[in-house]
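K.L.:
So that we are looking at the same thing, I have put the structure below in structure tokens.
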DNA sequence: CGAGGTGTTGAGAACCATCAATTGCCGTGG
DNA sequence: CCACGGCAATTGATGGTTCTCAACACCTCG
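Residue numbers (full-length UniProt numbering), protein chains in the order written: chain A, 1 to 255; chain B, 1 to 255.
Shown next as structure tokens:
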């Protein structure tokens, strides 16, 4: 199943027709190599994207040259939703590993999104989800220590991968440098290294190779950081029931 | 003009009909006193809100009892947009001063929002705006020192008030305790006090009374924190042009 | 073999939290 | 009107957390 549909299926019933209509927008596929830029801040954009494979991330560069990483995107995540509103990007996006994106042109996308009430609600909700996660991340960065903050980052990475492939193993391929994680959490790379090893010392995880680790005690990792899995708590039936009541009798009225 | 319409007018052309339709949803007005709870996390909600007057804020309580404040709402800001997707609130909201809210019931709101493409796009964009601001806030909290972070907070407060009343004076009524600001930025109240006085020392602002200050040098305040006014940069014509192309010929097709 | 990026380790400094004591403000009740 | 109590803000002292700088080990790749 297409990763975007799998992600949406977590909270909404999407019909085969709607899925076709949606996926039909993503006509253009492109491969990226580790480090490639997808687009830069403050440029005109005519598409938005969905991740098919690999790791991508969004970031800003501060006046002093520091990099703040805003979000890490995995398979099924949508990139550049804000282009639907303003075309001009506010952030930059690059590839954190080799991977593939599918791109959808904006004008047809706006037509499909905004004129189909059900798809409109689905995308609205997708967006709401990322918003809740942003609030969680602010809390983690603002209120937790570096050790707990790192536990949060790892909990989030595993939870989000598990959403796309439920049988995701405890071995986590983590192609991210510690500098990368540091730029995500607002820490220094040196300190991330220290806390990382403290997690290993405490037997919460194990290093398998240069770019992969194994989570040994996911429960405790989550408890440490008070991580809340927002995807696992989604109620698909509630979403459709409440939305259905509002849209009753007009489900696919346009086209 | 209704503060919600004034806010929307910053990036979209909203017709009198649409404004009526939208404001018609907010049938119920209610007054709140400083400290009153509007709703609590993890409860069922049947409405969402727009601020008519006063200061409100959203927050979470951490397991250790600490409070993380997520957002401060001023006149024209919408509260509880996530209820449109799931009804169950993920955060708590309370009043930070005396004020008034207008409430809209969810089911009719969903009908109006999702079945009118133009309104749908407007609310989608409203949401996108808060998202960009969240990213800015993460950057400020993660990467800036306490002094700069506080400058960011004050810049944001003035920018958001100015958006509703363009002639907003440099005197800022700030009914927020330093503990409040601390919970917003992830600092301690003691440290906020110190940095606050440092701002005064440096002649960036002046204390007028217990609960109001005057910004003396707004430009420098923004430069310190690299604050970006996302509202001021909105391009209404672009929004309508691009959206119009997508919705061409079907502007108000339902009803 | 050398170059560059990444992770590790140590030492010192900067930043911020915590604790405690004090002040000033304001509303309450005598 | 004044005494009182409570809350917010301030100030100082101390300690913990994290940053920065620097040196080094390791791996990868040319």
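Each residue gets a CB set at the ideal place from its N, CA and C atoms; glycine is no exception.
For residue 152 of chain B, report the span of its alpha helix (DSSP H) as first-last.
P.N.:
Working through the second chain from its first residue, we reach residue 152 of chain B at position 152. Taken as a continuous stretch (DSSP letters only), the alpha helix (DSSP H) holding residue 152 of chain B covers 146 to 164.
K.L.:
Would you please state the rounded distance, in angstroms, between the beta carbons of residue 55 of chain B and residue 74 of chain B? I believe it to be under 8 Å.
P.N.:
Within the second chain, numbered from 1, the residue matching residue 55 of chain B stands at position 55. Within the second chain, numbered from 1, the residue matching residue 74 of chain B stands at position 74. Right, the Cβ-Cβ distance comes to about 7 Å (below 8 Å), so this counts as a contact.
K.L.:
Counting only runs that start and end within the stretch 36 to 114 of chain B, where is the alpha helix (DSSP H) found for 4 or more residues in a row?
P.N.:
Complete alpha helix (DSSP H) runs here, min 4: 83 to 86.
K.L.:
Can you pull the chain B residues whose beta carbon is under 7 Å from the beta carbon of residue 60 of chain A, in chain order?
P.N.:
To locate residue 60 of chain A, count along the first chain from 1; it is residue 60. Those within 7 Å of residue 60 of chain A in chain B are 139.
K.L.:
What's the call for residue 106 of chain B, buried or exposed, on a 16-neighbour Cβ count within 10 Å?
P.N.:
Start at 1 with the first residue of the second chain, and residue 106 of chain B comes out as number 106. Classification of residue 106 of chain B: buried, given that the 10 Å Cβ count is 16 or more.
K.L.:
Looking at C-beta atoms only, is the number of pairs between the stretch 75 to 92 of chain A and the stretch 122 to 135 of chain B that lie closer than 8 Å three or more?
P.N.:
Taking 8 Å as the limit for Cβ pairs, the verdict is that the stretch 122 to 135 of chain B does touch the stretch 75 to 92 of chain A.
K.L.:
Let me check understanding here. Comparing Cα to Cα, which of B:89, B:62, B:34 lies closest to residue 53 of chain B?
P.N.:
Translated into the one-based positions of the second chain, residue 53 of chain B becomes position 53. Comparing Cα-Cα distances from residue 53 of chain B to each of B:89, B:62, B:34, the minimum goes to B:34.
K.L.:
Measuring alpha carbon to alpha carbon, tell me which residue in B:37, B:154, B:146, B:147 is nearest residue 173 of chain B.
P.N.:
Your numbering for residue 173 of chain B matches position 173 in the second chain. It is B:154 whose Cα lies nearest to the Cα of residue 173 of chain B.
K.L.:
Under a three-way DSSP split, which group does residue 253 of chain A fall into?
P.N.:
As a position in the first chain, residue 253 of chain A is number 253, starting the count at 1. A caution first: residue 253 of chain A carries a pLDDT of 42, below 50, which makes its placement in the model unreliable, though a value can still be read off. Residue state, collapsed to three classes: coil.
K.L.:
Start and end of the beta strand (DSSP E) containing residue 31 of chain B?
P.N.:
For the purposes of this step, residue 31 of chain B is identified with residue 31 of the second chain, where counting begins at 1. 28 to 32 is the extent of the beta strand (DSSP E) around residue 31 of chain B.
K.L.:
Between which residues of its own chain and residue 243 of chain B is the CB-CB distance below 6 Å, once the five residues before and five after are set aside?
P.N.:
The residue given as residue 243 of chain B occupies position 243 in the second chain. Same-chain partners within the cutoff: 121.
K.L.:
Mapping DSSP to helix, strand and coil, what is residue 228 of chain A?
P.N.:
Position 228 of the first chain, counted from the first residue, corresponds to residue 228 of chain A. The answer is coil: DSSP assigns residue 228 of chain A none of H, G, I, E or B.
K.L.:
Determine the direct distance from the alpha carbon of residue 86 of chain A to that of residue 234 of chain A, and round the result to whole angstroms.
P.N.:
Translated into the one-based positions of the first chain, residue 234 of chain A becomes position 234. Translated into the one-based positions of the first chain, residue 86 of chain A becomes position 86. In a straight line, the C-alpha of residue 234 of chain A is about 29 Å away from that of residue 86 of chain A.
K.L.:
Would you kindly work out how many angstroms separate the C-alpha atoms of residue 253 of chain B and residue 118 of chain B, rounded to a whole number?
P.N.:
Looking up residue 253 of chain B in the second chain gives position 253. Looking up residue 118 of chain B in the second chain gives position 118. The predicted model places residue 253 of chain B with a pLDDT of 42, which falls under 50 and marks its position as unreliable, so this point remains unresolved.
K.L.:
Spell out whether any CB of chain A is found under 8 Å from the CB atom of residue 177 of chain B.
P.N.:
Here the question's residue 177 of chain B lines up with position 177 in the second chain. Chain A, which has no Cβ nearer than 8 Å to the Cβ of residue 177 of chain B, makes this no.
K.L.:
In the DSSP assignment, find the alpha helix (DSSP H) that holds residue 206 of chain B and state where it starts and stops.
P.N.:
Against the second chain, residue 206 of chain B aligns to sequence position 206. Residue 206 of chain B -> not in any alpha helix (DSSP H); beta strand (DSSP E) instead, spanning 205 to 209.
K.L.:
Kindly list, in the order they appear in chain B, the residues whose Cβ is closer than 9 Å to that of residue 132 of chain A.
P.N.:
Taking the first residue of the first chain as 1, we reach residue 132 of chain A at position 132. Neighbours of residue 132 of chain A on chain B, chain order: 82, 90, 91.
K.L.:
May I have the straight-line CA-CA distance separating residue 214 of chain A from residue 156 of chain A, to the nearest angstrom?
P.N.:
What you label residue 214 of chain A is simply residue 214 of the first chain in a count that begins at 1. What you label residue 156 of chain A is simply residue 156 of the first chain in a count that begins at 1. Roughly 14 Å separates the two Cα atoms.
K.L.:
Using a Cβ cut-off of 8 Å, which residues of the UniProt domain "HTH crp-type" (144 to 219) of chain A contact any Cβ in chain B, in chain order?
P.N.:
So the list reads 185, 186, given in the order they occur along the chain.
K.L.:
Mind pulling the chain B residues with CB within less than 8 Å of residue 68 of chain A?
P.N.:
As a first step, residue 68 of chain A is located in the first chain; it is residue number 68 there, counting from the start. In chain order: 138, 139, 142, 143.
K.L.:
If you run the structure through DSSP and keep just helix, strand and coil, what is residue 5 of chain A?
P.N.:
The count along the first chain starts at 1 and reaches residue 5 of chain A at position 5. Helix at residue 5 of chain A.
K.L.:
Quick one, which of A:200, A:39, A:165, A:161 has its alpha-carbon nearest residue 147 of chain A's?
P.N.:
By 1-based counting over the first chain, the position of residue 147 of chain A is 147. Ranking A:200, A:39, A:165, A:161 by Cα distance to residue 147 of chain A puts A:200 first.
K.L.:
Can a CB atom of chain A be found closer than 8 Å to the CB of residue 328 of chain B?
P.N.:
Given a span of 1 to 255 for chain B in the structure shown, any question on residue 328 of chain B remains unanswerable.
K.L.:
Does residue 107 of chain B have its Cβ less than 8 Å from a Cβ in chain A?
P.N.:
Your numbering for residue 107 of chain B matches position 107 in the second chain. Yes, contact with chain A.
K.L.:
Whose Cβ in chain B lies nearer than 7 Å to the Cβ of residue 27 of chain A?
P.N.:
On the first chain, position 27 is the one that residue 27 of chain A refers to. Going along chain B, no residue has its Cβ under 7 Å from residue 27 of chain A, so there is no contact; the nearest lies around 17 Å.
K.L.:
Give a yes or no on whether the C-beta atoms belonging to residue 115 of chain A and residue 247 of chain B are separated by under 8 Å.
P.N.:
Position 115 of the first chain, counted from the first residue, corresponds to residue 115 of chain A. Position 247 of the second chain, counted from the first residue, corresponds to residue 247 of chain B. Yes.
K.L.:
Checking 8 Å against the spacing of the C-beta atoms, do residue 59 of chain A and residue 91 of chain A come in under that value?
P.N.:
Numbered from its first residue, the first chain carries residue 59 of chain A at position 59. Numbered from its first residue, the first chain carries residue 91 of chain A at position 91. A contact, by the Cβ cut-off of 8 Å.
K.L.:
Output, in chain order, the set of chain B residues within a Cβ distance shorter than 9 Å of residue 247 of chain A.
P.N.:
As a first step, residue 247 of chain A must be located in the first chain, where it is residue number 247. The answer, in chain order, is 110, 111, 114, 115.
K.L.:
What three-state label does DSSP hand residue 212 of chain B in the structure shown?
P.N.:
Position 212 of the second chain holds residue 212 of chain B. Three-state DSSP puts residue 212 of chain B in a strand.
K.L.:
Residues of the stretch 118 to 132 of chain B with a CB closer than 7 Å to any CB of chain A: list them in chain order, please.
P.N.:
Listed by position, the residues of the stretch 118 to 132 of chain B near chain A (Cβ gap below 7 Å) are 120, 121, 124, 125, 127, 128, 131, 132.
K.L.:
How should residue 44 of chain A be labelled, buried or exposed, when 16 other C-beta atoms within 10 angstroms of its C-beta is the threshold for buried?
P.N.:
Within the first chain, residue 44 of chain A is the residue found at index 44, counting from 1. The residue is exposed, with fewer than 16 neighbouring Cβ atoms inside 10 Å.
K.L.:
For the putative contact between residue 184 of chain A and residue 69 of chain A, defined by C-beta atoms under 8 Å, what is the C-beta separation to the nearest angstrom?
P.N.:
One-based indexing of the first chain puts residue 184 of chain A at position 184. One-based indexing of the first chain puts residue 69 of chain A at position 69. Yes, they are in contact, since the Cβ atoms of residue 184 of chain A and residue 69 of chain A sit about 4 Å apart, within 8 Å.
K.L.:
Quick one: residues in its chain with C-beta nearer than 6 Å to the C-beta of residue 37 of chain A, no 5 flanking neighbours on either side, listed in chain order?
P.N.:
What you label residue 37 of chain A is simply residue 37 of the first chain in a count that begins at 1. Taken in chain order, the residues that qualify are 94.
K.L.:
Give, in chain order, every residue of the stretch 32 to 59 of chain B whose Cβ lies closer than 7 Å to some Cβ of chain A.
P.N.:
Going along the stretch 32 to 59 of chain B in chain order, one finds no residue with a Cβ nearer than 7 Å to chain A.
K.L.:
Comparing the C-beta of residue 3 of chain B with each C-beta of chain A, is any distance below 8 Å?
P.N.:
Along the second chain, read from residue 1 onward, the residue named residue 3 of chain B stands at position 3. By this cut-off, residue 3 of chain B is not an interface position.
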